[in-house]
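Heads up: the sequence shown is residues 20 to 476, going by the working numbering.
For every residue, glycine included, the Cβ atom is placed at its ideal position computed from N, Cα and C.
Inspection log for the structure reproduced underneath, given as structure tokens.
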Amino acid sequence: MATTSVNQRRSDRISGLPDDLLRRILSNLSTKDSVRTSVLSNRWRYLWKHVPTLDLDSRGLKYFFDTFMEESNQNVKLERFRWVYDADVEEHCETSFVSLIDDVVNRGVSHMTLVSKVDAPDSVRMPLSLYSCATLVSLTLYGVALDAPPKSELVSLPCLKTMHLEAVKFDGALIFETLVSRCSAINELIIVTHPHDHLGVVCVRSPSLRLFKLESMREEGGDPEVKIYAPKLEYMSIINYQSESFIVQSIGPYAKVNIDLHFDVEEDDDDDMILGFLTAISTVREMTISARTLEKIADCYGLDPLPQFFNLTSLHALLPESSWEMFATFLGYCPNLNSLDLEFDGLPETEEIKDSFVPQCFKSSVKFVLLKIPTIVTKTSSKMQLARYFIRECLVLSKLMLNESFRNVINKVKKIPKRVTGCEVVMLNPAYEVSSHGSSVLPMIYENMFIPKILDD
């Protein structure tokens with residue numbers, strides 16, 4: 020009997036921890052699982068009522084939410100609120116929903132995530148109290164609607180640092196601009212536009228913003244106009260975006276950019292728009308750029324002056340088969356490039372590579388080159404010529420990295436006479452290829468989050 024009692028005490032050491040620590044442990048569970056611990060013992064019976072998080076992820080939990088808010092300690096600040104709201108349109112009650120979110124705001128919530136799976140997003144409207152939540156630090160919204168505040172002065176989110184809005188309908192032309200401009204401490208802003216979101220103009224004016232990601236889910240273009248003034252911006256990602264106007268007034272010097280942008284403008288206005296954009300981002304130090312963006316930039320090659328990217332040291336480009344000469348010309352505007360990562364969807368002809376322009380950076384600064392081509396490409400002569408081009412023309416080359424598609428020629432490539440003593444030719448680890456940049460950076464945003472799981476349902 021005594022032995023059994025000792026074993027029980029040893030197996031339940033966790034119950035001997037202080038209440039504050041136990042509540043912190045429970046806060047990492049869903050609310051449903053947290054409540055289940057109340058049956059473990061008298062010690063655990065009421066702990067869940069004092070946990071500063073509320074995490075609901077299934078339909079039919081409105082009653083449970085009301086019970087939790089009534090029975091939990093009213094003085095306990097709600098640090099995190101996460102709700103996957105799954106209801107039929109007929110089941111949704113706007114008055115009840117608004118009251119619920121008002122209660123969350125009044126509890127001083129710090130981190131709010133609300134994902135609506137209701138088929139009619141117009142009916143899931145956030146309360147105006149959200150605009151003046153002084154304690155909110157991070158906000159993630161999906162599939163809801165935002166109404167215009169009566170006055171812009173009523174919008175004040177002084178502690179908000181991270182905001183992620185996807186498939187959010189804006190019922191007012193200036194809602195988005197007002198919302199961003201009234202977040203005085205915001206560091207990260209992620210916007211995913213959808214059809215019928217009535218976004219209007221993506222006007223981002225923020226002296227504090229450091230990360231901005233914008234992606235379009237519209238299949239046929241027609242994305243909202245964009246204006247960006249963010250002098251401290253360190254990272255900007257624009258994915259699958261097609262707009263008539265994209266104006267960058269200011270971003271931080273030495274920023275990183277990921278650009279997949281199509282300038283959907285009239286031909287007469289095309290050049291000025293592209294030149295203005297290039298000038299605005301000409302101070303960046305790292306760039307990832309899509310094939311279609313490069314093709315639009317190529318339309319400006321005959322113009323003078325085209326800005327030089329003096330700070331650019333790392334470039335990752337996606338190239339269609341026919342764009343080799345165009346890309347080589349672009350490299351001429353990158354005089355201090357150090358690292359070059361190229362992904363081809365096919366290979367240019369051998370003679371095109373052999374006779375192509377050699378940019379200045381190949382002679383003075385490019386030390387690392389990574390070449391990736393599809394494994395289905397079988398042009399052995401073009402593979403050899405491409406590798407030979409970089410080995411022979413890059414006068415300070417330290418390492419040439421090749422993906423799996425070069426395996427059938429790797430030994431021949433290694434025998435190409437080097438211009439630089441100690442220059443290495445190595446095969447790329449296949450695991451790296453999986454983790455390298457693809458067509459969109461957004462899946463990395465969602466890592467360890469739940470939104471993709473919902474969208475895949």
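Which same chain residues end up closer than 6 Å to residue 202 when comparing Cβ atoms and leaving out the 5 residues on each side of it in sequence?
Working through the sequence shown from its first residue, we reach residue 202 at position 183. Correct list, in chain order: 176 and 179.
May I have the straight-line CA-CA distance separating residue 326 from residue 303, to the nearest angstrom?
Along the sequence shown, one-based indexing puts residue 326 at 307. Along the sequence shown, one-based indexing puts residue 303 at 284. Cα to Cα, residue 326 sits roughly 12 Å from residue 303.
Take the Cβ of residue 308 as the centre, count every other Cβ of all protein chains shown within 10 Å, and call the residue buried at 16 or more, exposed below.
Numbered from 1 along the sequence shown, position 289 holds the residue referred to as residue 308. Residue 308 should be labelled buried.
Rounded to the nearest angstrom, how far is the Cβ of residue 346 from that of residue 313, given a contact under 8 Å?
Within the sequence shown, numbered from 1, the residue matching residue 346 stands at position 327. Within the sequence shown, numbered from 1, the residue matching residue 313 stands at position 294. Taking C-beta atoms under 8 Å as the contact rule, residue 346 and residue 313 qualify, at a distance of about 6 Å.
I'd like the list of long-range same chain contacts for residue 79, defined as Cβ closer than 6 Å, with 5 residues on each side in sequence excluded.
As a position in the sequence shown, residue 79 is number 60, starting the count at 1. Low confidence applies here, because residue 79 scores a pLDDT of 48, under 50, leaving its location unreliable; read the following figure in that light. Close CB contacts of residue 79 within its chain, under the 6 Å cut and outside five residues either way in sequence, are absent.
Can you give me the Cβ contacts of residue 372 inside the same chain, cut-off strictly under 6 Å, excluding the 5 residues immediately before and after it?
Position 353 of the sequence shown, counted from the first residue, corresponds to residue 372. Cβ within range, chain order: 404, 405 and 408.
Residues in the same chain with beta-carbon distance under 6 Å from residue 192, minus the five sequence neighbours each way, listed in chain order, please.
In the sequence shown, counting from the first residue as 1, residue 192 sits at position 173. The residues are 219.
Who are the Cβ neighbours of residue 124 in its own chain at under 7 Å, not counting the five residues just before and after it?
The count along the sequence shown starts at 1 and reaches residue 124 at position 105. Excluding sequence neighbours, residue 124 sits near 148, 149 and 152.
Which residue or residues does DSSP assign as beta-bridge partners of residue 172?
Position 153 of the sequence shown holds residue 172. According to DSSP, residue 172 bridges with nothing at all.
Residue 423 versus residue 416: straight-line alpha-carbon distance, rounded
To locate residue 423, count along the sequence shown from 1; it is residue 404. To locate residue 416, count along the sequence shown from 1; it is residue 397. If you take the alpha carbons of residue 423 and residue 416, they lie about 21 Å apart.
Does residue 395 pass the burial test, meaning 16 or more other C-beta atoms within 10 Å, or should it be called exposed?
As a first step, residue 395 is located in the sequence shown; it is residue number 376 there, counting from the start. Exposed is the call here.
If distances are taken between C-alpha atoms only, which option among 126, 209, 146 and 427 comes closest to residue 255?
Here residue 255 refers to the residue found at position 236 of the sequence shown. Nearest C-alpha to residue 255: 209.
Under a Cβ-count criterion, where at least 16 other Cβ atoms within 10 Å of its own Cβ denotes burial, should residue 134 be classed as buried or exposed?
Looking up residue 134 in the sequence shown gives position 115. Residue environment for residue 134: buried (at least 16 other C-beta atoms within 10 angstroms of its C-beta).
In terms of DSSP beta bridges, what is residue 210 paired with?
What you label residue 210 is simply residue 191 of the sequence shown in a count that begins at 1. In DSSP, residue 210 forms a bridge with 184 and 233.
Which first and last residues belong to the alpha helix (DSSP H) in which residue 279 is found?
Against the sequence shown, residue 279 aligns to sequence position 260. Where residue 279 is concerned, there is no enclosing alpha helix (DSSP H), although the beta strand (DSSP E) around it starts and stops at 275-282.
What does the Cβ neighbour count give for residue 161, buried or exposed, with the cut at 16 atoms within 10 Å?
Translated into the one-based positions of the sequence shown, residue 161 becomes position 142. Per the 10 Å Cβ criterion, buried.
Please give me, in chain order, every unbroken run of the alpha helix (DSSP H) with length at least 4 that falls completely inside the segment 314-384.
The DSSP assignment places 343-350, 369-373 and 379-383 as complete runs of the alpha helix (DSSP H) inside the segment 314-384, in order along the chain (cut-off: 4 residues).
Whole-angstrom C-beta distance between residue 267 and residue 231, which should lie under 8 Å:
Within the sequence shown, numbered from 1, the residue matching residue 231 stands at position 212. Within the sequence shown, numbered from 1, the residue matching residue 267 stands at position 248. Between residue 231 and residue 267 a beta carbon distance of about 10 Å is seen, past the 8 Å cut, so the two are scored as non-contacting.
Is it true that the CB of residue 229 sits closer than 8 Å to the CB of residue 207?
Locating residue 207 in the sequence shown gives position 188, where the first residue counts as 1. Locating residue 229 in the sequence shown gives position 210, where the first residue counts as 1. In contact: residue 207 and residue 229 (Cβ atoms closer than 8 Å).
Between which two residues does the alpha helix (DSSP H) carrying residue 150 extend?
As a first step, residue 150 is located in the sequence shown; it is residue number 131 there, counting from the start. From DSSP, residue 150 is part of no alpha helix (DSSP H); its letter is neither H nor E.
Within the continuous beta strand (DSSP E) that includes residue 411, where are the two ends?
Here residue 411 refers to the residue found at position 392 when the sequence shown is read from its first residue. Element bounds for residue 411: not the beta strand (DSSP E) but the alpha helix (DSSP H), 399-412.
Name the one or two DSSP bridge partners that residue 224 has.
Within the sequence shown, the letter at position 205 stands for residue 224. Note: residue 224 sits in a beta bridge opposite 248.
Applying the 10 Å Cβ sphere with the 16-neighbour rule, what's the burial state of residue 126?
Taking the first residue of the sequence shown as position 1, residue 126 is located at position 107. Classification for residue 126: buried.
Is the separation between the beta-carbon of residue 353 and that of residue 331 shorter than 8 Å?
Taking the first residue of the sequence shown as 1, we reach residue 353 at position 334. Taking the first residue of the sequence shown as 1, we reach residue 331 at position 312. Closer than 8 Å, so yes.
Using only the alpha-carbon positions, how far apart do residue 132 and residue 159 sit?
By one-based count along the sequence shown, residue 132 stands at place 113. By one-based count along the sequence shown, residue 159 stands at place 140. For residue 132 and residue 159, the gap between their C-alpha atoms comes out near 5 Å.
Straight-line gap, residue 455 to residue 428 (C-alpha atoms, nearest Å)
If you number the sequence shown from 1, residue 455 lands on position 436. If you number the sequence shown from 1, residue 428 lands on position 409. Low local confidence applies: a pLDDT of 40 at residue 455 is under 50, so the model's placement there is unreliable, with the coordinate-based value given in what follows. CA-CA distance, residue 455 to residue 428, rounds to 23 Å.
Let's see if you can read the secondary structure: which residues bound the alpha helix (DSSP H) around residue 197?
As a first step, residue 197 is located in the sequence shown; it is residue number 178 there, counting from the start. Residue 197 -> alpha helix (DSSP H) spans 194-200.
Tell whether a beta-carbon distance below 8 Å holds between residue 360 and residue 339.
Along the sequence shown, one-based indexing puts residue 360 at 341. Along the sequence shown, one-based indexing puts residue 339 at 320. No, they are not a contact pair.
Helix, strand or coil at residue 443 [DSSP, three-state]
Your numbering for residue 443 matches position 424 in the sequence shown. Reduced to three states, the DSSP call for residue 443 is strand.
Measure the alpha-carbon distance for residue 453 versus residue 172 and round it to whole angstroms.
As a position in the sequence shown, residue 453 is number 434, starting the count at 1. As a position in the sequence shown, residue 172 is number 153, starting the count at 1. Confidence in residue 453 is poor, its pLDDT being 46 and thus under 50, which makes the residue's placement unreliable; the coordinate value appears in the next sentence. So the two alpha carbons sit approximately 47 Å from each other.
For residue 242, I'd like the list of residues in its chain whose CB is within less than 7 Å of its CB, leaving aside the five on either flank, ordered along the chain.
Along the sequence shown, read from residue 1 onward, the residue named residue 242 stands at position 223. These residues qualify, in order along the chain: 212, 235, 260, 261 and 262.
Residues near residue 200 by beta carbon distance below 6 Å, same chain, minus five either side
For the purposes of this step, residue 200 is identified with residue 181 of the sequence shown, where counting begins at 1. Cβ within range, chain order: 224.
Once DSSP output is grouped into helix, strand and coil, what is the label at residue 98?
As a first step, residue 98 must be located in the sequence shown, where it is residue number 79. Note: residue 98 maps to coil in three-state DSSP.
Nearest to residue 270 by alpha carbon, out of 258, 298 and 244?
Here residue 270 is taken as the residue at index 251 of the sequence shown, counted from 1. Nearest neighbour of residue 270 by Cα position, chosen from 258, 298 and 244, turns out to be 298.
Report yes if the CB atom of residue 367 is closer than 8 Å to the CB atom of residue 401, and no otherwise.
Locating residue 367 in the sequence shown gives position 348, where the first residue counts as 1. Locating residue 401 in the sequence shown gives position 382, where the first residue counts as 1. Yes, these two residues count as a Cβ contact at 8 Å.
Residue 117 to residue 143 span [Cα, whole Å]
For the purposes of this step, residue 117 is taken as the residue at position 98 of the sequence shown. For the purposes of this step, residue 143 is taken as the residue at position 124 of the sequence shown. Residue 117 and residue 143 have their C-alpha atoms some 9 Å from each other.
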